[in-house]
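S.K.: Each residue of the sequence shown is one higher than the one before, counting from 24 in the numbering used here.
We put the CB at the ideal spot given by N, CA and C, even for glycine.
Only a predicted model underlies this, so the values are computations on that prediction, with no experimental measurement involved.
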Amino acid sequence: MNFRIDIEMTPEELRRALGLPDVSGLQQDMIDKVREQMESGAEGYDPLTLLKPYLNSGIGSMDAFQKLVFGMMNQYGKGGRDAD
Numbered sequence: 024m025n026f027r028i029d030i031e032m033t034p035e036e037l038r039r040a041l042g043l044p045d046v047s048g049l050q051q052d053m054i055d056k057v058r059e060q061m062e063s064g065a066e067g068y069d070p071l072t073l074l075k076p077y078l079n080s081g082i083g084s085m086d087a088f089q090k091l092v093f094g095m096m097n098q099y100g101k102g103g104r105d106a107d
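1. Residue 41 and residue 57 - do their beta-carbons sit closer together than 9 Å?
2. Can you give the Cα-Cα distance for residue 28 and residue 55, rounded to whole angstroms?
3. Would the beta-carbon of residue 100 be found less than 8 Å away from any heavy atom of the ligand ATP?
4. So the alpha helix (DSSP H) residue 43 belongs to, where does it begin and stop?
5. Can you tell me the Cα-Cα spacing of residue 106 and residue 24, whole angstroms?
The following block contains the structure:
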């Protein structure tokens with residue numbers, strides 16, 4: 024037996040329905056602080072240093088990233104639905 028319910032709601036509505044806190048203000052504050060540090064030239068806040076953890080693994084991380092992207096593309100191509 025298959026049972027399916029489709030609910031359309033925005034991410035904001037889902038957040039509120041699940042009772043999750045609104046962290047958009049905190050997120051914006053953090054982005055502003057990082058931006059200030061980057062603009063002032065603080066050590067450790069240049070783009071290469073910020074991306075270094077994602078680039079250190081070399082080929083392994085690129086392979087994982089490709090698999091992630093291809094997986095998302097496959098789901099999008101299927102309409103995000105399982106085969107009936």
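M.R.: Based on what the coordinates show:
1. Locating residue 57 in the sequence shown gives position 34, counting from the first residue. Locating residue 41 in the sequence shown gives position 18, counting from the first residue. Going by C-beta atoms, residue 57 is not nearer than 9 Å to residue 41.
2. Residue numbering aside, residue 28 sits at position 5 when the sequence shown is read from its first letter. Residue numbering aside, residue 55 sits at position 32 when the sequence shown is read from its first letter. Rounded to the nearest angstrom, the two C-alpha atoms are 40 Å apart.
3. No copy of the ligand ATP appears in this structure; indeed no ligand is present at all.
4. Residue numbering aside, residue 43 sits at position 20 when the sequence shown is read from its first letter. Here residue 43 belongs to no alpha helix (DSSP H), and DSSP marks it neither H nor E.
5. As a working mapping, residue 106 is identified with position 83 in the sequence shown. As a working mapping, residue 24 is identified with position 1 in the sequence shown. Low confidence applies here, because residue 106 scores a pLDDT of 46, under 50, leaving its location unreliable and the question unanswered by this model.
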